[in-house]
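What follows is one structure encoded as structure tokens, with my remarks underneath.
4 protein chains.
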Amino acid sequence: MPRVSVEAERKEQILSAACEVIAEIGFKSLRIADVAKRARTSTGTVHYYFDTKRDLMHAAFEWNFSRSVDRRRELLDAAEPPSVRLRRFIDSYLPSDDETITAWNVWAELWIEALHDPDLQELNEQVYGEWRRMVAAIVRDGQDAGEFREGDAVVFANALIGMVDGLSLQVLMGSRAMTVERMRAVCDQVLTQFLS
Amino acid sequence: MPRVSVEAERKEQILSAACEVIAEIGFKSLRIADVAKRARTSTGTVHYYFDTKRDLMHAAFEWNFSRSVDRRRELLDAAEPPSVRLRRFIDSYLPSDDETITAWNVWAELWIEALHDPDLQELNEQVYGEWRRMVAAIVRDGQDAGEFREGDAVVFANALIGMVDGLSLQVLMGSRAMTVERMRAVCDQVLTQFLS
Amino acid sequence: MPRVSVEAERKEQILSAACEVIAEIGFKSLRIADVAKRARTSTGTVHYYFDTKRDLMHAAFEWNFSRSVDRRRELLDAAEPPSVRLRRFIDSYLPSDDETITAWNVWAELWIEALHDPDLQELNEQVYGEWRRMVAAIVRDGQDAGEFREGDAVVFANALIGMVDGLSLQVLMGSRAMTVERMRAVCDQVLTQFLS
Amino acid sequence: MPRVSVEAERKEQILSAACEVIAEIGFKSLRIADVAKRARTSTGTVHYYFDTKRDLMHAAFEWNFSRSVDRRRELLDAAEPPSVRLRRFIDSYLPSDDETITAWNVWAELWIEALHDPDLQELNEQVYGEWRRMVAAIVRDGQDAGEFREGDAVVFANALIGMVDGLSLQVLMGSRAMTVERMRAVCDQVLTQFLS
DNA sequence: TATGAATGAGTCTTCATTCAT
DNA sequence: CATGAATGAAGACTCATTCAT
Numbered sequence: 001m002p003r004v005s006v007e008a009e010r011k012e013q014i015l016s017a018a019c020e021v022i023a024e025i026g027f028k029s030l031r032i033a034d035v036a037k038r039a040r041t042s043t044g045t046v047h048y049y050f051d052t053k054r055d056l057m058h059a060a061f062e063w064n065f066s067r068s069v070d071r072r073r074e075l076l077d078a079a080e081p082p083s084v085r086l087r088r089f090i091d092s093y094l095p096s097d098d099e100t101i102t103a104w105n106v107w108a109e110l111w112i113e114a115l116h117d118p119d120l121q122e123l124n125e126q127v128y129g130e131w132r133r134m135v136a137a138i139v140r141d142g143q144d145a146g147e148f149r150e151g152d153a154v155v156f157a158n159a160l161i162g163m164v165d166g167l168s169l170q171v172l173m174g175s176r177a178m179t180v181e182r183m184r185a186v187c188d189q190v191l192t193q194f195l196s
Numbered sequence: 001m002p003r004v005s006v007e008a009e010r011k012e013q014i015l016s017a018a019c020e021v022i023a024e025i026g027f028k029s030l031r032i033a034d035v036a037k038r039a040r041t042s043t044g045t046v047h048y049y050f051d052t053k054r055d056l057m058h059a060a061f062e063w064n065f066s067r068s069v070d071r072r073r074e075l076l077d078a079a080e081p082p083s084v085r086l087r088r089f090i091d092s093y094l095p096s097d098d099e100t101i102t103a104w105n106v107w108a109e110l111w112i113e114a115l116h117d118p119d120l121q122e123l124n125e126q127v128y129g130e131w132r133r134m135v136a137a138i139v140r141d142g143q144d145a146g147e148f149r150e151g152d153a154v155v156f157a158n159a160l161i162g163m164v165d166g167l168s169l170q171v172l173m174g175s176r177a178m179t180v181e182r183m184r185a186v187c188d189q190v191l192t193q194f195l196s
Numbered sequence: 001m002p003r004v005s006v007e008a009e010r011k012e013q014i015l016s017a018a019c020e021v022i023a024e025i026g027f028k029s030l031r032i033a034d035v036a037k038r039a040r041t042s043t044g045t046v047h048y049y050f051d052t053k054r055d056l057m058h059a060a061f062e063w064n065f066s067r068s069v070d071r072r073r074e075l076l077d078a079a080e081p082p083s084v085r086l087r088r089f090i091d092s093y094l095p096s097d098d099e100t101i102t103a104w105n106v107w108a109e110l111w112i113e114a115l116h117d118p119d120l121q122e123l124n125e126q127v128y129g130e131w132r133r134m135v136a137a138i139v140r141d142g143q144d145a146g147e148f149r150e151g152d153a154v155v156f157a158n159a160l161i162g163m164v165d166g167l168s169l170q171v172l173m174g175s176r177a178m179t180v181e182r183m184r185a186v187c188d189q190v191l192t193q194f195l196s
Numbered sequence: 001m002p003r004v005s006v007e008a009e010r011k012e013q014i015l016s017a018a019c020e021v022i023a024e025i026g027f028k029s030l031r032i033a034d035v036a037k038r039a040r041t042s043t044g045t046v047h048y049y050f051d052t053k054r055d056l057m058h059a060a061f062e063w064n065f066s067r068s069v070d071r072r073r074e075l076l077d078a079a080e081p082p083s084v085r086l087r088r089f090i091d092s093y094l095p096s097d098d099e100t101i102t103a104w105n106v107w108a109e110l111w112i113e114a115l116h117d118p119d120l121q122e123l124n125e126q127v128y129g130e131w132r133r134m135v136a137a138i139v140r141d142g143q144d145a146g147e148f149r150e151g152d153a154v155v156f157a158n159a160l161i162g163m164v165d166g167l168s169l170q171v172l173m174g175s176r177a178m179t180v181e182r183m184r185a186v187c188d189q190v191l192t193q194f195l196s
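Protein chains in written order, with UniProt numbering: chain S, 1 to 196; chain H, 1 to 196; chain R, 1 to 196; chain Y, 1 to 196.
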């Protein structure tokens with residue numbers, strides 16, 4: 001009886017390492033050897049699981065996204081009022097803890113890669129579709145509950161998501177003018193002022 | 001009698017070429033030879049003016065920014081009501097024409113580089129400081145004129161800028177769900193709904 | 001089960017090739033590609049074993065020296081009278097056979113590199129220290145045996161070594177006035193006249 | 001009436017600069033631009049006077065030698081006993097003052113170049129011929145005057161010159177075991193012990 | 001005469017990828 | 001399954017040399 005997926009485990013190990021390395025030194029500087037070392041294995045093994053560097057990177061981007069969604073699923077399904085769920089959801093994306101920061105870094109690297117890579121654009125499209133649907137659903141819930149003001153929920157979701165992306169970038173860049181605290185304040189004010 | 005600034009002219013030529021190449025194929029893929037060819041010169045000449053690839057890239061990023069500001073200065077100084085100036089200003093950043101799209105692409109590449117480069121972080125800091133001041137100034141003008149609702153102008157500027165950055169990225173990535181038109185609509189609604 | 005020191009073998013192969021190339025075309029003209037070709041391998045492989053050209057050169061210089069010493073160890077330990085051992089030792093340094101000529105050429109190149117490289121100066125210092133000790137030891141043996149005239153053995157060793165170095169250079173340069181035969185004659189006369 | 005040889009002056013200036021640069025950073029590292037800067041002129045001008053880098057280097061080597069001879073001519077012609085003239089001559093070659101050290105450095109670089117350059121070998125041949133004749137002449141004078149012991153003067157000259165070359169190299173390399181003082185002591189002892 | 005901007009051939013070095021073990 | 005030695009294509013950077021002024 002073979003252990004279920006030694007392969008799957010090893011792949012995860014490599015993908016996790018890849019994301020860490022991307023976040024640390026950037027996609028451009030990443031070498032297969034860096035990932036191998038981080039995953040405590042060899043370049044040969046990395047290539048055993050991923051034919052090319054490109055394959056590895058795409059898999060890493062997808063893995064980064066699916067983990068990000070997994071980590072938030074409970075937040076969305078919670079039995080809280082929409083206003084609270086929205087705040088919690090947005091709050092969970094603030095680049096404050098290491099895990100979230102790493103995920104954001106990887107995500108930012110994906111954006112720039114996607115500018116010249118249709119496959120990654122497609123991944124982005126799906127991911128953002130999902131994100132928009134999630135936010136818009138909460139917004140509609142809130143509007144139905146009379147918590148949020150009226151208006152096109154999708155437009156609102158887009159505005160909110162765009163803002164979070166843009167501000168997160170500034171935080172990631174270590175901006176002194178846009179720290180996590182500032183970002184939290186901006187998000188708070190926007191949610192307070194315009195959603196209630 | 002040397003012509004005044006053969007040097008300056010040639011540098012511009014190279015920097016312009018560098019930005020075009022960055023926008024087209026990305027920072028990561030850019031080779032000095034590409035820039036040289038685009039500038040109709042040789043790699044030797046590029047290195048004659050810029051010691052290292054890094055120097056060239058930094059100079060290109062700065063050049064990209066200063067051109068971006070130059071192109072908008074008149075918008076800010078126009079004798080229009082603040083609400084119009086703000087709309088025009090935001091509108092000028094929509095990635096619709098080639099020049100603006102190129103500038104955004106370069107800027108996006110800078111972000112990702114800046115994640116691992118303190119010098120570029122500093123450039124980003126200055127640029128965003130300037131941008132925030134410009135937007136916040138219009139917002140305050142509008143508040144003084146009674147056109148905009150009250151509230152912290154800086155927070156508002158940050159929210160607006162963040163949103164524009166985030167949405168632009170999606171547009172640049174060729175998102176079918178976030179085209180320039182959609183982005184324009186989102187910006188319009190946000191400005192209409194919250195500034196009036 | 002990795003063969004014992006594929007690495008060591010391969011390194012030797014490369015170092016040997018490097019010394020040959022240095023001797024043939026000179027340190028200044030040496031290209032990694034030359035060494036690779038001589039070692040019947042690729043530039044990539046050379047760099048796999050030696051990070052930089054400098055590392056390779058330093059290693060080659062050390063290898064050249066240690067081989068030189070190995071080749072002479074038996075001479076020094078021979079059970080001959082000191083006068084014979086000294087003559088044989090000096091004689092073994094005459095640039096007459098290909099192996100010795102190659103070693104001298106490499107050594108000469110090291111001298112010039114060492115003029116501007118403290119690490120190589122240190123190597124030279126150790127090597128000459130060893131050489132001086134060896135010669136001085138024979139000289140003292142000879143003095144104890146009454147074969148050599150009295151006097152400071154170290155001073156004498158230095159004079160002898162200096163002379164051999166200087167004359168060898170002339171021979172290496174293909175001087176018509178200082179051939180190996182002439183050099184041998186000069187050494188003979190000095191040894192005869194002053195050691196007996 | 002044109003000034004006599006602006007050209008000659010400028011050439012000297014460049015050759016002097018070339019020698020200084022060779023001595024400082026070595027033949028291998030020398031760039032035309034370094035020489036130009038040292039001579040307070042431009043690379044274009046250097047090439048105006050010397051077609052190729054090789055031409056410049058050869059000229060510099062010759063210039064270095066002729067200056068070296070000029071500086072010692074009076075020593076040789078002095079009306080002193082041969083033993084004094086020989087000591088003074090040898091002494092003048094000790095790498096103690098900056099000028100002599102520079103000259104030695106250049107000379108050492110020439111040796112290594114000559115290993116792979118017949119033209120420089122020829123220059124070396126002439127120079128050493130001259131040097132040998134000078135030393136041998138003093139030796140013969142000394143023998144005639146009964147100051148020096150009998151023996152082949154040329155062999156003796158060769159031994160002496162070889163020793164000076166070899167020891168100078170060690171001094172130039174900054175050997176802690178062979179400083180100028182040590183070298184002077186060795187030379188003294190050799191001259192004393194064997195010439196008197 | 002003198003300059004220095006421009007060139008491009010030449011070389012080190014990097015690194016994804018392969019493959020024998 | 002896993003390894004890591006070996007490869008070679010690719011690219012940044014250097015610098016002697018040229019030439020218009």
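Quick reminder that beta carbons are idealized off the backbone N, C-alpha and C, glycines included. These numbers come from a predicted model, not from an experiment.
- Within chain R, the residues placing a beta-carbon under 7 Å from that of Met173/Y are Trp111, Ala114, Leu115, Gln121 and Asn124, ordered along the chain.
- CA-to-CA, the gap between Gly166/H and Glu147/H works out to about 26 Å.
- Taking 8 Å as the cut-off, the Cβ atoms of Val46/H and Ile14/H count as close.
- Three or more beta-carbon pairs separated by less than 8 Å are not found between the stretch 98 to 107 of chain H and the stretch 76 to 88 of chain H, which leaves the two stretches without contact.
- Nearest C-alpha to Glu20/R among Asp55/R, Asn64/R and Phe50/R: Asn64/R.
- Residue state for Gly151/S is assigned as coil, using DSSP reduced to three classes.
- With a 10 Å radius around the Cβ and a threshold of 16 neighbouring Cβ atoms, Tyr93/Y comes out buried.
- The beta-carbon separation of Ala17/S and Ala39/S, rounded to 4 Å, stays under the 8 Å limit for a contact.
- In this structure, Glu12/Y is the residue among Trp111/Y, His116/Y, Glu113/Y and Glu12/Y with its C-alpha nearest to the C-alpha of Arg67/Y.
- Taking the Cβ atoms as the reference, Ala23/H lies roughly 6 Å from Val106/H, within the contact range of under 8 Å.
- With respect to the 8 Å criterion, Ile138/R and Leu86/R are classified as neighbours on the basis of their beta carbons.
- Every unbroken stretch of the alpha helix (DSSP H) spanning 4 or more residues and falling wholly within the stretch 18 to 43 of chain Y is given here in chain order: 32 to 38.
- DSSP, read as helix, strand or coil, puts Tyr93/R in coil.
- In the structure shown, Thr100/S adopts helical secondary structure according to DSSP, grouped into three states.
- Tyr128/Y counts as buried, since no fewer than 16 other beta carbons sit within 10 angstroms of its beta carbon.
- Chain-ordered listing is empty here: chain R has no CB closer than 9 Å to the CB of Lys53/Y, the nearest sitting near 12 Å.
- Setting aside the 5 residues that flank it on each side, Val180/Y is surrounded in the same chain by Leu94, Pro95, Ser96 and Val171, each with a C-beta closer than 8 Å to its C-beta; the list follows chain order.
- Each of Met134/S, Glu109/S and His116/S was checked against the Cα of Glu62/S, and the nearest Cα belongs to Glu109/S.
- For Ile90/S, same chain residues with a beta-carbon under 6 Å away, outside a window of 5 residues either side, are Cys187 in chain order.
- Counting C-beta atoms within 10 angstroms of its own C-beta, Glu113/Y has 16 or more neighbours from the protein chains shown and is therefore classed as buried.
- Residues of chain S with a Cβ closer than 8 Å to the Cβ of Phe89/H do not exist; the shortest Cβ-Cβ separation is about 16 Å.
- In this structure, Gln121/H lies near Gly174/S, with their beta-carbon atoms less than 8 Å apart.
- Annotation: the continuous alpha helix (DSSP H) that includes Ser68/S extends over Lys53 to Asp77.
- Short of 8 Å from the beta carbon of Arg88/S, and not among the five residues preceding or following it, lie these beta carbons of its own chain, in chain order: Leu75, Ala78 and Glu80.
- In the three-state scheme derived from DSSP, where H, G and I count as helix and E and B as strand, Thr179/S is classed as coil.
- Under the three-state reduction of DSSP, Ala145/Y is assigned to coil, being neither helix nor strand.
- In the structure shown, Ser5/S falls within a coil segment according to DSSP collapsed to helix, strand and coil.
- Within chain S, no residue has its beta carbon less than 7 Å from that of Leu191/H; the closest one is some 10 Å off.
- Burial is judged here by how many other beta carbons sit within 10 angstroms of a residue's own beta carbon; Thr52/R has fewer than 16 and is exposed.
- When the alpha-carbon of Gln126/H is set against those of Arg176/S, Met57/S and Ser42/S, the nearest one is in Arg176/S.
- Listed by position along chain Y, the residues whose Cβ is nearer than 9 Å to that of Phe27/R are Lys28 and Ile112.
- Within chain R, Gly162, Met163, Asp165, Gly166, Leu167, Leu169 and Gln170 have C-beta atoms less than 9 Å from the C-beta of Asp165/Y, given in sequence order.
- With its beta carbon at least 8 Å from every one in chain H, Tyr93/S lies outside the interface.
- By the neighbour-count definition (other C-beta atoms within 10 Å, threshold 16), Asp70/Y is an exposed residue.
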